[in-house]
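Reviewing the structure listed below.
In the working numbering, the protein residues as written are 1288 to 1457.
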C-alpha cells in the first residue's frame, strides 16, 4: 500500500482507514465534502493582508511583520509548510528585528481553513519560538479547531501525493 508519510505517528486504526479511502479513491470525496472550495488568497499582497488581519485580531502587541509571501522553495517533503524567519540587524546604534513568514506554494490552492491553520502556526512563533505546550495553546486560542485542521491538512497532502490536485484550476 502507499506510504502515509504525513500520518506517521498516528494509530493503526487511523492509518488503515485512510489506506482504505485511498485504495477506493474516496479520500478526495471526503475532503471535498468538508472543504468544497479553495481560498481566493492567491497573491503575496492578499496573503500579507490575510496574515496581518489575523495578527491584529489575536497578537496586536507583537512585533510587526516585514514580509509575508508564498515561497516555491519550501518543500512539504522536508516537513515544512511555512517558515517564520526572525532576523536581527545592527543599523548604527540601533538593533532592528524583521519578522517574515513564508508559506509553501502548494497552499495557494488549498481550502482557506488550511491556509489559516498554517498562518496561525507561523504567527504563534512570534510569541513562542519552540513547539511546546504554550505554543500549541496559543495556536488553539487563535484557531480552536487547530488540531483537527492539522490532521485534515495531512489528509489533503496525502491526497495530493497520491492523486494530484483536489481542485480544478479556475
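Cβ coordinates follow ideal geometry from the N, Cα and C atoms, glycine included.
Residues near residue 1353 by beta carbon distance below 8 Å, same chain, minus five either side: As a first step, residue 1353 is located in the chain shown; it is residue number 66 there, counting from the start. If we look at residue 1353 and ignore the five residues flanking it on each side, its Cβ neighbours are 1385, 1386, 1387.
Do you know offhand how far residue 1304's Cα is from residue 1318's? Stepping through the chain shown from its first residue, residue 1304 is reached at position 17. Stepping through the chain shown from its first residue, residue 1318 is reached at position 31. C-alpha separation (whole angstroms): 14 Å.
Status (buried if at least 16 other CB within 10 Å, exposed otherwise) for residue 1364: Counting from 1 along the chain shown, the entry for residue 1364 is found at position 77. Low per-residue confidence applies at residue 1364: pLDDT is 49, beneath 50, and the placement is therefore not dependable enough to give any value.
Which value, in whole angstroms, describes the spacing of the CA atoms of residue 1445 and residue 1292? For the purposes of this step, residue 1445 is taken as the residue at position 158 of the chain shown. For the purposes of this step, residue 1292 is taken as the residue at position 5 of the chain shown. Each residue's alpha carbon lies about 8 Å from the other.
Residue 1396 and residue 1454 closer than 8 Å at C-beta: Position 109 of the chain shown, counted from the start, is the residue given in the question as residue 1396. Position 167 of the chain shown, counted from the start, is the residue given in the question as residue 1454. Cβ distance < 8 Å, so residue 1396 and residue 1454 count as in contact.
Using only the heavy atoms of the ligand HEM, determine whether one of them is closer than 7 Å to the beta carbon of residue 1408. The ligand content of the structure shown is nil, which means the ligand HEM is not present either.
Under the three-state DSSP convention, the category residue 1390 falls into: Translated into positions along the chain shown, residue 1390 becomes position 103. Three-state result, residue 1390: strand.
Distance between residue 1307 and residue 1357 (C-alpha atoms, nearest Å): For the purposes of this step, residue 1357 is taken as the residue at position 70 of the chain shown. For the purposes of this step, residue 1307 is taken as the residue at position 20 of the chain shown. Straight-line Cα distance between these residues: approximately 33 Å.
Cβ-Cβ separation, residue 1404 to residue 1427 (assumed contact under 8 Å), whole Å: Here residue 1427 is taken as the residue at index 140 of the chain shown, counted from 1. Here residue 1404 is taken as the residue at index 117 of the chain shown, counted from 1. Not confirmed; about 11 Å, so no contact.
Taking 8 Å as the threshold (C-beta atoms), are residue 1314 and residue 1442 in contact? For this step, residue 1442 is matched to residue 155 along the chain shown. For this step, residue 1314 is matched to residue 27 along the chain shown. Yes, the pair counts as a contact, with Cβ atoms nearer than the cut-off.
C-alpha distance - residue 1301 paired with residue 1447, whole-angstrom precision: Taking the first residue of the chain shown as 1, we reach residue 1301 at position 14. Taking the first residue of the chain shown as 1, we reach residue 1447 at position 160. Going from the Cα of residue 1301 to the Cα of residue 1447 covers about 18 Å.
Let me check one thing: in DSSP terms, what residues is residue 1384 bridge-paired to? If you number the chain shown from 1, residue 1384 lands on position 97. For residue 1384, which the question treats as bridged, DSSP gives the partners 1375.
What is the DSSP secondary structure of residue 1296, reduced to helix, strand or coil? Against the chain shown, residue 1296 aligns to sequence position 9. Coil, per DSSP.
Once DSSP output is grouped into helix, strand and coil, what is the label at residue 1353? Position 66 of the chain shown, counting from 1, holds the residue named residue 1353. Residue 1353 falls in the coil class under three-state DSSP.
Using CA atoms only, rank isn't needed, just tell me which of 1378, 1439, 1449, 1322 is closest to residue 1486. The first residue shown for the chain is 1288 and the last is 1457, placing residue 1486 beyond what the model contains.
Judging by CA-CA distance, which residue of 1437, 1383, 1421 is the nearest neighbour of residue 1399? Residue numbering aside, residue 1399 sits at position 112 when the chain shown is read from its first letter. Nearest C-alpha to residue 1399: 1437.
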